[in-house]
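Peer 1: So the sequences go chain by chain: H and X. The first sequence: position 112 = 112 (full-length UniProt numbering), numbered continuously. The second sequence: position 274 = 274 (full-length UniProt numbering), numbered continuously.
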Amino acid sequence: MRTLRLGWSRIGYELRTYFRQGDSVFFTFLFPILMLSVFAVAFSTSPNIGAAPDGSGGITWAAFYVPGMVAAGMLLSGVQNLGVDIAQEKGDGTLKRLGGTPLPVFSYFCGKIGMVLASSVMQVALLLLVARFAFKVAMPSDPGKWFTFAWVFLFGVITSCVLGIALSALPRTGKSATAVVIPIVLLLQFISGVYLNFAQLPGWLQNVASIFPLKWMAQGMRAVFLPGSFEAVEPSGHWDLGLVALVMGVWLVVGLLLCRFTFRWIRKDG
Amino acid sequence: MTPGAPPVQVRELAKSYGGANAVGGISFEIHEGETFALLGPNGAGKSTTIEILEGYRDRSSGEVSVLGKDPQHGGLDWKSQLGIVLQSSGESGNVTVLEQLKHFAGYYPNPRNVGEVIEAVGLASQARTRIGRLSGGQRRRVDVALGIIGRPRLLFLDEPTTGFDPQARHQFWGLVNGLKDEGTTILLTTHYLDEAATLADRAGVIVGGRLVDIGPIDQIGGPGAKVPIVRWRQDGVVRSERTSAPSVLAARLYAEAGREVEGLEITRPSLEDIYLDLVGAHAGAAEDAA
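#1: Tell me where the beta strand (DSSP E) around Y17/X begins and ends.
#2: At a Cβ threshold of 7 Å, is T3/H touching chain X?
#3: So is L252/H in contact with chain X if we call contact Cβ pairs under 7 Å?
#4: Regarding S47/X and the ligand GTP, is the C-beta to nearest heavy atom distance less than 6 Å?
#5: Buried or exposed: which applies to A290/X, given that a residue is buried once 16 or more other Cβ atoms fall within 10 Å of its Cβ?
#6: Could you give the distance in angstroms between the alpha-carbon of P216/X and the alpha-carbon of E272/X?
#7: Rounded to whole angstroms, what's the CA-CA distance from L76/X to I186/X? Just pull it up for me.
#8: Give the DSSP-derived three-state secondary structure of E182/X in the structure shown.
#9: Along the alpha helix (DSSP H) that carries Q206/H, what are the first and last residues, could you check?
#10: Please give the ranges of any beta strand (DSSP E) in the region 239-281 of chain X, keeping only runs that are unbroken, at least 3 residues long and fully inside the region.
#11: Residues of chain H with CB under 7 Å from E54/X, in chain order?
#12: Taking the alpha carbon of S27/X as the reference point, which residue from N42/X, I214/X, Q72/X, E99/X has its own alpha carbon closest?
#13: What do you get for G270/H, buried or exposed, if any count of 16 or more other CB atoms within 10 angstroms of its CB means buried?
#14: Evaluate the contact criterion for the region 34-52 of chain H versus the region 110-119 of chain H: three or more CB pairs, one atom per stretch, below 8 Å.
#15: Scan the region 93-117 of chain H for residues whose Cβ lies nearer than 8 Å to a Cβ of chain X and list them as they occur along the chain.
#16: For R239/X, collect the residues of the same chain with a Cβ closer than 8 Å to its Cβ; drop the 5 residues on either side in sequence, then sort them by chain order.
#17: With 7 Å as the threshold, decide whether the Cβ of T173/H is near any Cβ in chain X.
#18: Ignore the nearest five residues each way along the sequence and tell me which others in F263/H's own chain have a CB closer than 6 Å to its CB.
#19: With a threshold of 16 other CB atoms inside 10 Å of the CB of residue 271/H, please say whether the residue is buried or exposed.
#20: Just to confirm before moving on: does the CB-CB distance between D201/X and E34/X stay below 7 Å?
#21: Can you check which of these residues, L175/X, Y275/X, I206/X, G122/X, is closest to D194/X by C-alpha distance?
#22: Short of 9 Å Cβ to Cβ, which residues in the region 208-222 of chain H face chain X?
#23: With distance defined between alpha-carbon atoms, name the residue in T60/H, L163/H, V79/H, E14/H nearest to D260/H.
#24: What whole-angstrom Cβ distance do A196/X and L39/X have, given they're in contact under 8 Å?
#25: Hey, A37/X and L188/X are a contact pair by Cβ (cut 8 Å); roughly how many whole angstroms apart?
#26: Is there at least one Cβ from chain X nearer than 7 Å to R20/H's Cβ?
#27: Determine the contact status of I30/X and V64/X, defining contact as a CB-CB distance below 7 Å.
#28: Could you tell me whether any Cβ in chain H is nearer than 7 Å to the Cβ of S65/X?
#29: Hey, which unbroken runs of the beta strand (DSSP E) at 3 residues or more fall wholly within the region 97-142 of chain H?
#30: Using beta carbons (cut-off 7 Å, strictly below), is N94/X in contact with chain H?
#31: Here's a check: name, in chain order, each residue in its chain whose Cβ is nearer than 7 Å to the Cβ of W265/H, leaving out the five neighbours to either side.
#32: Quick one: which chain H residues come within Cβ less than 9 Å of H103/X?
#33: Roughly how far, in whole angstroms, is the beta-carbon of Y254/X from the beta-carbon of V248/X, given that I think they are within contact range, below 8 Å?
#34: Kindly identify the DSSP beta-bridge partner or partners of E231/H.
#35: Tell me, to the nearest whole angstrom, how far the beta carbon of V85/X is from that of V10/X; I am working on the premise that it is less than 8 Å.
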């Protein structure tokens, strides 16, 4: 009970400090929205993607990029945000101070994950509003699609958070945190179908990307936001939502185990 | 914890990093309600010792009991009885003093009143200021406030007044005296010997990882250390003599000179003088042995 009460109190505290931090709000919170805008504007005069030979049908590039940007937001809020944030808190003494108080580790994690969940819900809502009203992207009308959206989103964000917490053990110092974490998430975004059309990547690269969870988050979101005609372009010819759940589930368990065995309030030097 | 057992018991505590001894077998106790100062030069092993007691570091050997528990297996209930003011801090600039203290108060079963604590550390007019906008000395007071918000039985103060101006330091001493009156047991490290002399009941001096002296604060350095020094000038040369009867010496000098003695002064060594002698003697001995 006490653990949950403190977890709740941590969520409020974390959200407050997060949104007062101008740079992280800009680069992590608004990043997917900025990227969507860049792609939508850059390709605004290009012909529709997936159009018939006579130029009819298909979807705009803005619509094509929505699922990738939703997935990127999920990954950035969890892995990048927490990976860097916790490593920096370790570096600047925040964790050392918390480790000297009776705050349970689990409450601390609740605060981080709750903060990411709350901010990424706001982020995706804003992203979809911008897509819908600034770039005229049609939203799914089928409630089943929104159900898929809800579970892929929640599952994906929580998995990202756990992986971010696990990844925070890697940087040796708070200062090196961004240098360690950002290349990893950037590379994943390029090979997982966020910026580049996944169907056009070479087969071996698709296989490599399939080991990591971002590819599956993006695929789950394509199932939600792209028309059924795009399903045939997937490497397997299907959205494979069962596999999406399975791979994210495996990564969630791996992440939890890593957190359990690697998280320390401070780096003990022997 | 068995009733009457000292809150802190340390026996033959040793800590080595990769073969080098940071702490080489020290023993001491801190009694209930006592303020104990751990003194010593930088790198002598003070912080390592205090961090072992706080549960941050594991020891290499020896026995340690803090509030009846081994700090390596402290647990949350144990932590709720401790107050820790770390040597350095540099974080949570985005919350106000009031927000930070309210939040931390929630961690403890029986916290102090947030407003009273803010008042006590002298930050009442900065309560709604973000911590990042405070001066270094004011931020240090936030650290102290966070250390005492949980009404600790045992308070660790690791160089708490670094960066304070003299007025803030005196205000802080008043705060600590209030905590002492409430029965809080305190372990203090400081480089300000006047601070140790004012606040501590007993002190231990660590040099090179070893405890070279321990005792009531006015007996540090042994009985000879406080013997007054008489200085005067004779034929243009400064002379000095240590004697436990300085007025007798002064009277004799006056009688011999037949007039006011030139440059006469009688001083008692301060804790700082005694400390510097102790550290100098033992640091020299350690180098000879090496």
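Glycine included, each C-beta is placed from N, C-alpha and C at the ideal position.
Peer 2: Considering the structure as presented:
#1: The residue you call residue 17/X lines up with position 17 of the second sequence. Counting along the chain, the beta strand (DSSP E) containing Y17/X begins and ends at 8-17.
#2: For this step, residue 3/H is matched to residue 3 along the first sequence. Judged by the 7 Å Cβ criterion, T3/H is not in contact with chain X.
#3: The residue you call residue 252/H lines up with position 252 of the first sequence. Judged by the 7 Å Cβ criterion, L252/H is not in contact with chain X.
#4: As presented, the structure is devoid of all ligands, the ligand GTP included, so that no description of it is given.
#5: Your numbering for residue 290/X matches position 290 in the second sequence. Per-residue confidence for A290/X stands at a pLDDT of 47, beneath the threshold of 50, marking its modelled position as unreliable; the derived number appears in the next sentence. A290/X should be labelled exposed.
#6: Against the second sequence, residue 216/X aligns to sequence position 216. Against the second sequence, residue 272/X aligns to sequence position 272. Answer to the nearest angstrom: the Cα atoms are 15 Å apart.
#7: Residue 76/X sits at position 76 when you count from the first residue of the second sequence. Residue 186/X sits at position 186 when you count from the first residue of the second sequence. The alpha-carbon atoms of L76/X and I186/X are separated by roughly 20 Å.
#8: The residue labelled residue 182/X in the question sits at position 182 within the second sequence. Correct three-state label for E182/X: coil.
#9: For the purposes of this step, residue 206/H is taken as residue 206 along the first sequence, with counting starting at 1. Note, Q206/H: alpha helix (DSSP H), 203-211.
#10: 265-267
#11: Indexing the second sequence from 1 puts residue 54/X at position 54. What E54/X touches in chain H: G100.
#12: Within the second sequence, residue 27/X is the residue found at index 27, counting from 1. From the listed residues N42/X, I214/X, Q72/X, E99/X, the smallest Cα separation to S27/X is found for I214/X.
#13: In the first sequence, counting from the first residue as 1, residue 270/H sits at position 270. Per-residue confidence for G270/H stands at a pLDDT of 44, beneath the threshold of 50, marking its modelled position as unreliable; the derived number appears in the next sentence. By the 10 Å Cβ count, G270/H comes out exposed.
#14: no
#15: G93, T94, K96, R97, G99, G100, T101, P102, L103, P104
#16: On the second sequence, residue 239/X is found 239 positions in, with the first residue counted as 1. Answer for R239/X: R231, W232, R233, listed in chain order.
#17: Translated into the one-based positions of the first sequence, residue 173/H becomes position 173. Not one chain X Cβ lies under 7 Å of T173/H.
#18: Locating residue 263/H in the first sequence gives position 263, where the first residue counts as 1. Counting only Cβ-Cβ distances below 6 Å, and skipping sequence neighbours, we find nothing.
#19: This structure leaves residue 271/H out entirely; chain H is present only between 1 and 270.
#20: Indexing the second sequence from 1 puts residue 201/X at position 201. Indexing the second sequence from 1 puts residue 34/X at position 34. Yes.
#21: As a working mapping, residue 194/X is identified with position 194 in the second sequence. Measuring from the Cα of D194/X, the nearest candidate turns out to be Y275/X.
#22: none
#23: By 1-based counting over the first sequence, the position of residue 260/H is 260. Going by the sequence as given, residue 260/H is Arg instead of Asp. The residue with the shortest Cα to Cα distance from R260/H is L163/H.
#24: Numbered from its first residue, the second sequence carries residue 196/X at position 196. Numbered from its first residue, the second sequence carries residue 39/X at position 39. Contact holds; Cβ gap of about 6 Å.
#25: Position 37 of the second sequence holds residue 37/X. Position 188 of the second sequence holds residue 188/X. About 5 Å separates the two Cβ atoms, so the contact holds.
#26: Numbered from its first residue, the first sequence carries residue 20/H at position 20. For R20/H, the answer is yes, since a Cβ of chain X falls inside 7 Å of its Cβ.
#27: Within the second sequence, numbered from 1, the residue matching residue 30/X stands at position 30. Within the second sequence, numbered from 1, the residue matching residue 64/X stands at position 64. Contact check for I30/X against V64/X fails: the beta carbons are separated by 7 Å or more.
#28: Position 65 of the second sequence, counted from the first residue, corresponds to residue 65/X. So, not an interface residue.
#29: none
#30: Here residue 94/X corresponds to residue number 94 of the second sequence, with the count starting at 1. Cβ-Cβ to chain H under 7 Å: yes for N94/X.
#31: Counted from its first residue, the first sequence places residue 265/H at position 265. Within the same chain, W265/H has close Cβ partners L95, K96, L98, G99.
#32: Start at 1 with the first residue of the second sequence, and residue 103/X comes out as number 103. What H103/X touches in chain H: S9, R10, G12, Y13.
#33: Looking up residue 254/X in the second sequence gives position 254. Looking up residue 248/X in the second sequence gives position 248. Their Cβ separation, rounded to whole angstroms, is 11 Å, which puts Y254/X and V248/X out of contact at 8 Å.
#34: If you number the first sequence from 1, residue 231/H lands on position 231. Residue pairing for E231/H: DSSP places it in no beta bridge.
#35: As a first step, residue 85/X is located in the second sequence; it is residue number 85 there, counting from the start. As a first step, residue 10/X is located in the second sequence; it is residue number 10 there, counting from the start. The Cβ separation is near 20 Å, so there is no contact.
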